[in-house]
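Engineer: Quick note on numbering: the numbering used here labels position 595 of the sequence shown as 598, and the sequence is numbered without any gaps. For each residue, glycine too, the CB sits at the ideal point set by N, CA and C. I have a structure I would like to understand better, so I am pasting it below and will then ask my questions one at a time.
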Amino acid sequence: MDYNSFYQKSINAPEGFWQEQSNAIEWFQKPKNILSKNTDDYYHWFQDGKTNLSYLCIDKHIKDGYGEQNAIIYDSPVTDTKKFITFNELHQEVSKLAGGLQSLGLKKGDTCLIYMPMIPQAIYAMLACARLGVIHSVVFGGFAPHELAIRIDDCKPKAVITASHGIEIKRIIPYKPFVDQAMEESSFKPQNVILYNRDNAPLSVVKSYDIDYSELVKKSNPVEPVELNSTHPSYILYTSGTTGTPKGIIRDTGGYATALKFSMKYVYGVEEGERYWGASDVGWVVGHSYIVYAPLINRNTTILFEGKPIKTPDASTFWRVISEHQVSVMLTAPTAIRAIKKEDPHGDFIKKYDLSSLKYQFLAGERCDAATLKWTQDQLKVPVIDHWWQTESGWPMLANMAGVELLPIKSGSAGKPVCGYDIQVLDENGSPAAANTEGYIAVKLPLPPGTLLDIWENTQRFKKGYLERFPGYYFSGDGGYKDEDGYVFITGRVDDIINVAGHRLSTAEMEEIVSSHADVAECAVFGIHCDLKGQQPLGLVVLKTNHVHSMKDIQNQIVQNVRQEIGAVASFKNVLIVQRLPKTRSGKTLRKLLRNIADEHEYKIPSTIDDVLIIDEIKSVYQTHFIGIHNQNKLIN
């Protein structure tokens, strides 16, 4: 298939294109109203259609004769557990849990908060909610009680589904005590906490609102999926907001199912029945879309992995899972690959496994630097495809569409626009920017199916954040450019563009140069205040375990490399060596936080941070190198 003609069809005749794609899923009532516009000049898909995500993920495949196919492979190196769950078994667990939720009074339109580790019961809970039309909000396991309370107050769940604890490297996360604290702190009080006890051991404290998960399922009758309007909200997924208050992104039902089915075939190149692995967490959009809903809708066996890319037990664990479970396509973050590369720079672990089942390795979640891309290509010897999307989009916006036509891969680019996304690079005035000219990444409306419906109970914030900056477009918040061949390069969030003595410079471009140094495992470059030039770049670098050069030589070489590639105009003079970078649990480096600490501005440590202790380490490094305090924040050159 030819990418250009396929893509243009989706842009020039979107209603016909997506009506055709909607035929790939099963509807209780087929939609006739394909695209409709609401009073806010925003669009909805398949408004009069009726379907159900839980039905599409489970019942349809059983009806088609695939009940004994494995739906989920649960692989947990942290507990040394493997479990194979067929569609028939998934149906039993989900339909009975849905019956239990129904017996507690949960019904279509209610909300339910899910706070679970990476165990099968997390997927059961999501699908049970979807079966009833209950709007679920999955919160990443391990979030502090205060952050849970914020989300409880915002989405007002009738019930919370949780587990006794989560297991990470060398520590136990006390989920249930966190929930209890959140219940005390929140203004809104859910009626019940449905508790899955991982150890089947008696609990030290049982609250009046507690319901035993296993007992509830055991005594409940299975229920059939509820027919839902296509525009019925399937879930709320919170993402960080610039105000510090999380934004509850709302996803629909029918448009989401259509887009996910489409993406599995045409973006990821996965055939029905193959095994697919989204190495993420159900608390993030990758987990929602590509651990749970997309693979199961597409009748793929999905891998549910409870572990880390390293130290569970070592940097071989990803390759062991791919080999052992015959994974065809994998999706992970560049951060995970860099962590593996740091521990195993020559790929010695990779050589120990048969990875012949792997067709494609996809990377997403943050910009993939050239060094990481090349290392992964060299080691895996399959197409390594960087692609770009957001919590708001729910599925890829830029990619090399492996199921359509595998185009040449350009390092630094996330590929070309995926079908349905009319992606433009706009200047300050909203006019299209010339080729290779950096601007604002925006998508011409209507967005394709499966993208955000609204922000939960805050339509004004939705309009202000996404629609008002460039009328007629969805504003992504990212900057970038298109080259003469139509490849799009994402350079980072708009505030990652720095102004050095009047020159607008991309910190992402500098990061590309810094990360290319042979001794650098990962890095972050961001702008800090400079009395003379307004801003100047600062680089933080994590070195490989067995780096060759001395730290001083590495710092000098990096400075010279940036000067040679970009020029003196970049004013890149300062490189600090750190042990690690602060990141979100999904792998994104917290550059804004790093900048605020360096400039001694007030800052709020985001709830999504992976390890709060990193902040003290970074502050110590800063204090060692900065001269003075408060407004004197120049570095020793």
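Sorted by chain position, which residues of the same chain lie with C-beta nearer than 7 Å to N599's C-beta, five sequence neighbours on each side aside?
Structural biologist: Y606
Engineer: Considering only DSSP beta bridges, list what E218 is partnered with.
Structural biologist: The partner list for E218 (beta bridge, DSSP) is empty, contrary to what the question assumes.
Engineer: When we look at the beta-carbon of F529 and count the other beta-carbons within 10 Å, is it buried (16 or more) or exposed?
Structural biologist: Burial is judged here by how many other beta carbons sit within 10 angstroms of a residue's own beta carbon; F529 has at least 16 and is buried.
Engineer: Can you tell me whether DSSP reads G631 as helix, strand or coil?
Structural biologist: Bear in mind that the predicted position of G631 carries a pLDDT of just 39, short of 50, making it too unreliable to give a figure here.
Engineer: Are there three or more Cβ pairs, one per stretch, closer than 8 Å when the stretch 477-487 is compared with the stretch 438-456?
Structural biologist: yes
Engineer: Tell me which same chain residues have a C-beta within less than 8 Å of the C-beta of H633, skipping the five on either side of it?
Structural biologist: Reliability of the predicted coordinates at H633 is poor, the pLDDT of 35 falling under 50, and the value obtained from them is presented with this limitation in mind. These residues qualify, in order along the chain: E603.
Engineer: Restricting to runs no shorter than 3 residues, where is the beta strand (DSSP E) found entirely within the stretch 57-135?
Structural biologist: The qualifying runs are 73-79, 84-89 and 114-118.
Engineer: If you check the beta carbons only, do G475 and L448 fall under 7 Å apart?
Structural biologist: yes
Engineer: To the nearest whole angstrom, what separates the beta carbons of T379 and I75, a pair I think is in contact under 8 Å?
Structural biologist: T379 to I75, Cβ: 26 Å. No contact.
Engineer: Any chance the stretch 139-150 sits against the stretch 54-65, with 3 or more Cβ pairs inside 8 Å?
Structural biologist: no
Engineer: What are the start and end residues of the beta strand (DSSP E) that includes P540?
Structural biologist: G537 to L546
Engineer: Assign T462 to buried or exposed, taking buried as 16 or more other Cβ atoms, counted over all protein chains shown, within 10 Å of its Cβ.
Structural biologist: exposed
Engineer: Just to confirm my understanding: we take G257, look at its own chain, exclude 5 residues before and 5 after, and list those with CB closer than 6 Å. What are they?
Structural biologist: F49, G52, T54 and S233
Engineer: Residue range of the beta strand (DSSP E) that L366 falls in?
Structural biologist: Y363 to L366
Engineer: DSSP three-state label for I580, please.
Structural biologist: strand
Engineer: Can you confirm whether N461, when its beta carbon is compared against all beta carbons of chain D, has any partner nearer than 7 Å?
Structural biologist: Note that chain D does not occur in the displayed structure, where there is just one protein chain.
Engineer: Can you check DSSP and say which residues form a bridge with L427?
Structural biologist: Rather than Leu, the amino acid found at residue 427 in this sequence is Gln. In the DSSP output, where bridge partners are listed per residue, Q427 has A445.
Engineer: Does the structure place the stretch 166-174 close enough to the stretch 255-271 that three or more beta carbon pairs sit under 8 Å?
Structural biologist: no
Engineer: Smallest Cα separation from P160: which of V209, Q105, K413 and N195?
Structural biologist: N195
Engineer: State the Cα-Cα distance for the pair F492 and E525, rounded to the nearest angstrom.
Structural biologist: 20 Å
Engineer: For a test of the three-state rule: what should DSSP assign to D5, helix, strand or coil?
Structural biologist: coil
Engineer: Less than 7 Å between the C-beta atoms of L376 and V387, yes or no?
Structural biologist: yes
Engineer: For T587, which residues does DSSP report across the bridge?
Structural biologist: Answer by DSSP bridge pairing, in chain order: I612.
Engineer: At which residues does the beta strand (DSSP E) containing H139 begin and terminate?
Structural biologist: Membership of H139 in the beta strand (DSSP E) is indicated by the continuous run I138 to V141.
Engineer: Here's the rule I'm using: 16 or more other beta-carbon atoms within 10 Å means buried, otherwise exposed. How should D425 be labelled?
Structural biologist: buried
Engineer: Candidates G103, Q72 and I122: which alpha carbon is nearest S79's?
Structural biologist: I122
Engineer: Starting from the N-terminal side, write out each stretch of the alpha helix (DSSP H) that is 4 residues or longer and does not extend beyond the stretch 461-517.
Structural biologist: Taking only runs of at least 4 residues, the alpha helix (DSSP H) segments lying wholly in the stretch 461-517 are 462-465.
Engineer: Looking at C-alpha atoms only, which residue of D357, Q95, R464 and K355 is the closest neighbour of V220?
Structural biologist: Q95
Engineer: To the nearest angstrom, how far is it from the Cα of D613 to the Cα of L593?
Structural biologist: Each residue's alpha carbon lies about 10 Å from the other.
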